[in-house]
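Undergrad: Quick mapping for you: the protein sequence lines, in order, are chains A and B.
The first sequence begins at 5 in our numbering and counts up one residue at a time.
The second sequence begins at 5 in our numbering and counts up one residue at a time.
Ideal placement from N, C-alpha and C gives every residue a C-beta, glycine not left out.
Have a look at the structure that comes next, please.
2 protein chains.
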Amino acid sequence: MGLVLADDLLGRGLQRIQREIDATFDAILEVPEDSRAPLVDAMRHAVIGGGKRVRPLLLVTVGEIYGCSRASAVRAGCALEAIHCYSLIHDDLPCMDDDDMRHGKPTVHKVFGEATAVLAGDALHALAFDLLSDPATSSDPFIRAELVHTLAIASGHKGMAGGQVMDMAAETTEFDLHSVTRLQQLKTGALLGAAVEMGAILGRVPNEGRAHLRNYARDIGLAFQIADDLLDHEGDEEKAGKALRKDAEQGKATFVSLMGPEKAREQARALSEQAVGHLCGHGSEADLLRALARFVVERDR
Amino acid sequence: MGLVLADDLLGRGLQRIQREIDATFDAILEVPEDSRAPLVDAMRHAVIGGGKRVRPLLLVTVGEIYGCSRASAVRAGCALEAIHCYSLIHDDLPCMDDDDMRHGKPTVHKVFGEATAVLAGDALHALAFDLLSDPATSSDPFIRAELVHTLAIASGHKGMAGGQVMDMAAETTEFDLHSVTRLQQLKTGALLGAAVEMGAILGRVPNEGRAHLRNYARDIGLAFQIADDLLDHEGDEEKAGKALRKDAEQGKATFVSLMGPEKAREQARALSEQAVGHLCGHGSEADLLRALARFVVERDR
Numbered sequence: 005m006g007l008v009l010a011d012d013l014l015g016r017g018l019q020r021i022q023r024e025i026d027a028t029f030d031a032i033l034e035v036p037e038d039s040r041a042p043l044v045d046a047m048r049h050a051v052i053g054g055g056k057r058v059r060p061l062l063l064v065t066v067g068e069i070y071g072c073s074r075a076s077a078v079r080a081g082c083a084l085e086a087i088h089c090y091s092l093i094h095d096d097l098p099c100m101d102d103d104d105m106r107h108g109k110p111t112v113h114k115v116f117g118e119a120t121a122v123l124a125g126d127a128l129h130a131l132a133f134d135l136l137s138d139p140a141t142s143s144d145p146f147i148r149a150e151l152v153h154t155l156a157i158a159s160g161h162k163g164m165a166g167g168q169v170m171d172m173a174a175e176t177t178e179f180d181l182h183s184v185t186r187l188q189q190l191k192t193g194a195l196l197g198a199a200v201e202m203g204a205i206l207g208r209v210p211n212e213g214r215a216h217l218r219n220y221a222r223d224i225g226l227a228f229q230i231a232d233d234l235l236d237h238e239g240d241e242e243k244a245g246k247a248l249r250k251d252a253e254q255g256k257a258t259f260v261s262l263m264g265p266e267k268a269r270e271q272a273r274a275l276s277e278q279a280v281g282h283l284c285g286h287g288s289e290a291d292l293l294r295a296l297a298r299f300v301v302e303r304d305r
Numbered sequence: 005m006g007l008v009l010a011d012d013l014l015g016r017g018l019q020r021i022q023r024e025i026d027a028t029f030d031a032i033l034e035v036p037e038d039s040r041a042p043l044v045d046a047m048r049h050a051v052i053g054g055g056k057r058v059r060p061l062l063l064v065t066v067g068e069i070y071g072c073s074r075a076s077a078v079r080a081g082c083a084l085e086a087i088h089c090y091s092l093i094h095d096d097l098p099c100m101d102d103d104d105m106r107h108g109k110p111t112v113h114k115v116f117g118e119a120t121a122v123l124a125g126d127a128l129h130a131l132a133f134d135l136l137s138d139p140a141t142s143s144d145p146f147i148r149a150e151l152v153h154t155l156a157i158a159s160g161h162k163g164m165a166g167g168q169v170m171d172m173a174a175e176t177t178e179f180d181l182h183s184v185t186r187l188q189q190l191k192t193g194a195l196l197g198a199a200v201e202m203g204a205i206l207g208r209v210p211n212e213g214r215a216h217l218r219n220y221a222r223d224i225g226l227a228f229q230i231a232d233d234l235l236d237h238e239g240d241e242e243k244a245g246k247a248l249r250k251d252a253e254q255g256k257a258t259f260v261s262l263m264g265p266e267k268a269r270e271q272a273r274a275l276s277e278q279a280v281g282h283l284c285g286h287g288s289e290a291d292l293l294r295a296l297a298r299f300v301v302e303r304d305r
């Protein structure tokens, strides 16, 4: 995937999950031989062969720490990635961010038209909950229902979708650091939090045993977004595979515009170290989570 | 709701479910006091005070025949209606059908803008699965997971969303009666089928006891769509609360254009009677389902 990774453990982990997510979507999304073909082609365009798969890797790694089967976790990871990808399709629409490129490819509406893009997003949204509620993901209905509930709340108006509307408001209203933090906790943090929570559900971790995982997710979520703002500020469009510096053009408040790049970088690193600190009760089985916490702030795309 | 109903049982049934669905959405969708307010306002605009609530009435009636609590069924009915309403919001967008009026009110994107309309649809989509997987809907996780699975499949690329893409193809391709029937079975029929299926799930009807309900749903689904085509052909825009005769303008094949209005009306009535026939094993507890089967072909909006 062209990522320069100092950490071999993480590099192997990302490559493996990327292969598994692609293979699962390829198997699930069979293109029908009727006029629905463009819909499924558009869904495949959005979910196969793009993205770092950070969310599924988080979910699978937490799940495996607690003994959940990898196959179950990968299916749940696909559900999470289906939600993430549907939100990108809709976010890229002309009436939203109006982006032409995503993951180094033309966006879904550029290739398939706007109407099919809206519907492909909607169909991926439904696919996520189809996957999670399928007995093939977990034979335990309690786990299936809890996975659905966690992801539905994290992606709805109290989570990701709420954060996206706050993000739109940030274009016309002055946001301070507190508001930007709240916005990002919803827009990006909710789904990263769901990744860790879903891994814990699959691993049958009781609610009271999840606090350190939630703290870890909160810290890397914020670090991830600060790093994103830094990449948007000083990154390379070709490596990023998408247009950059749109926030500054729109005069939108970001961590970088509010703190300055130096302070922002410092803060991201501090959060990353703090995230690693929450894992002190774990041994080497959490090394991938530690590497991931460092990766989210050091990545170049 | 201004409906002229010969049948008092049905009239009372519709009024009651309309009140219950409105009250439930009003309680669930509290408007937050921050920049997410427009999102929740847009969601409320779409789901409160509009629509006939045929799908929730079907779900609740089937559920009650088999002894499910009304409160549970109403919550599941809200989930179903949330899916129906999100699909209408997205369907009305300029890049889709570009409609200005829905249920006699301006469409969501006309009032709140396109970006908020896309996100309000997405947030209602998530809310549906949040509701179904919530222990408040059913204390039995198996029922929760089965409700989610049924609705996710019915609304996704193998159901409603697939039918909507076929519908787009019908604008540029010649569709025959077989293709139009298949299209409508997905676009409208899948969600009506889910309504009946979800009622049966809540009523703990085993899979092998659901055949007559599925047949009933299939027949009223088709009758419903033929009646919709007839209304589009000869109905009153003011009563309908939306623009009519768009299919004919676009030269799109419908049951009416393929069969002629007389034959179409005959077919809708025959399907409605056939639907009633599937209920012969039930007594008066299914009278509302019988009235509903007749209503879907006789309604004037």
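If you count every other CB in all the chains shown that lies within 10 Å of the CB of residue 94 of chain A, and 16 or more means buried, which is it?
TA: Buried.
Undergrad: Can you say whether residue 254 of chain B is buried or exposed, counting buried as having 16 or more other CB atoms within 10 angstroms of its CB?
TA: Result: exposed.
Undergrad: Could you have a look at residue 243 of chain B and say whether DSSP puts it in helix, strand or coil?
TA: In this structure, residue 243 of chain B counts as helix in the three-state DSSP scheme.
Undergrad: Check whether the segment 38-45 of chain B touches the segment 168-181 of chain A, taking contact to mean three or more Cβ pairs, one atom from each stretch, closer than 8 Å.
TA: Yes, since at least three Cβ pairs between the segment 38-45 of chain B and the segment 168-181 of chain A fall closer than 8 Å, the two stretches touch.
Undergrad: Are there 16 or more other CB atoms within 10 angstroms of the CB of residue 162 of chain B, so buried, or fewer, so exposed?
TA: Buried is the call here.
Undergrad: What distance in whole Å lies between the Cβ atoms of residue 286 of chain A and residue 21 of chain A, which are believed to be in contact at a cut-off of 8 Å?
TA: Not really, about 19 Å apart at Cβ, beyond 8 Å.
Undergrad: The segment 97-110 of chain B: which residues have C-beta closer than 7 Å to a C-beta of chain A, in chain order?
TA: Here the close residues are 97, 99 and 100.
Undergrad: List the residues of chain A that residue 43 of chain B touches, going by C-beta distances under 8 Å, in chain order.
TA: Neighbours of residue 43 of chain B on chain A, chain order: 161, 165, 166 and 169.
Undergrad: Which whole-angstrom value is the C-beta distance of residue 179 of chain B and residue 152 of chain B, which I expect to be below 8 Å?
TA: Not confirmed; about 32 Å, so no contact.
Undergrad: Assess contact between the segment 212-225 of chain B and the segment 193-200 of chain B, defined as three or more Cβ pairs (one per stretch) separated by less than 8 Å. Is contact present?
TA: Touching, yes.
Undergrad: Considering only the beta carbon of each residue, do residue 233 of chain A and residue 258 of chain A sit closer than 8 Å?
TA: For residue 233 of chain A and residue 258 of chain A, yes; Cβs fall inside 8 Å.
Undergrad: Buried or exposed: residue 139 of chain A, going by 16 or more other Cβ atoms within 10 Å of its Cβ?
TA: It counts as exposed.
Undergrad: Can you check DSSP and say which residues form a bridge with residue 105 of chain A?
TA: Note: residue 105 of chain A sits in a beta bridge opposite A:110.
Undergrad: Does the beta carbon of residue 265 of chain B come closer than 8 Å to any beta carbon on chain A?
TA: No, residue 265 of chain B lies away from the interface with chain A (no Cβ there is under 8 Å from its Cβ).
Undergrad: Where does residue 35 of chain B land, buried or exposed, given buried means 16+ other C-beta within 10 angstroms?
TA: It is exposed - the Cβ of residue 35 of chain B has fewer than 16 other Cβ atoms within 10 Å.
Undergrad: Can you find the residues in the same chain that come closer than 7 Å, C-beta to C-beta, to residue 141 of chain A, ignoring five residues on each side of it along the sequence?
TA: Hits under 7 Å: 76, 79, 80, 135 and 148.
Undergrad: Just how far apart, CA to CA, sit residue 252 of chain A and residue 12 of chain A?
TA: Between residue 252 of chain A and residue 12 of chain A, the C-alpha separation is close to 35 Å.
Undergrad: Determine the DSSP secondary structure at residue 251 of chain B, reduced to helix, strand or coil.
TA: It is helical.
Undergrad: Sorted by chain position, which residues of the same chain lie with C-beta nearer than 6 Å to residue 289 of chain B's C-beta, five sequence neighbours on each side aside?
TA: Around residue 289 of chain B: 69.
Undergrad: Looking at the unbroken alpha helix (DSSP H) that takes in residue 33 of chain A, where does it start and where does it end?
TA: Counting along the chain, residue 33 of chain A falls outside any alpha helix (DSSP H), and DSSP gives it neither H nor E.
Undergrad: Can you list, in chain order, the residues of its chain whose CB lies under 7 Å from that of residue 51 of chain B, leaving out five sequence neighbours each side?
TA: Same-chain partners within the cutoff: 29, 85, 86, 89 and 128.
Undergrad: How far does the alpha helix (DSSP H) with residue 292 of chain A in it reach, from first residue to last?
TA: Run containing residue 292 of chain A: 291-302, per the alpha helix (DSSP H) assignment.
Undergrad: Can you give me the start and stop residues for the alpha helix (DSSP H) that residue 168 of chain A sits inside?
TA: From DSSP, the alpha helix (DSSP H) with residue 168 of chain A extends over 164-173.
Undergrad: Classify residue 177 of chain A as helix, strand or coil using the three-state DSSP reduction.
TA: Coil, per DSSP.
Undergrad: Using the three-state DSSP reduction, which class does residue 307 of chain A fall into: helix, strand or coil?
TA: The structure shown has nothing for residue 307 of chain A, since chain A only spans 5 to 305.
Undergrad: Contact criterion: CB-CB distance below 8 Å. Does residue 192 of chain B meet it with respect to chain A?
TA: It does not: the Cβ of residue 192 of chain B has no partner Cβ on chain A nearer than 8 Å.
Undergrad: Out of B:168, B:98, B:18 and B:240, which one is the CA nearest neighbour of residue 304 of chain B?
TA: It is B:240.
Undergrad: Please identify, using Cβ separations under 7 Å, the residues of the segment 112-124 of chain B that lie next to chain A, in order along the chain.
TA: Hits within the stretch, in order: 118, 119, 120, 122 and 123.
Undergrad: So is residue 131 of chain A in contact with chain E if we call contact Cβ pairs under 8 Å?
TA: Checking the listed chains, one finds no chain E in this structure; the protein chains it contains are A and B.
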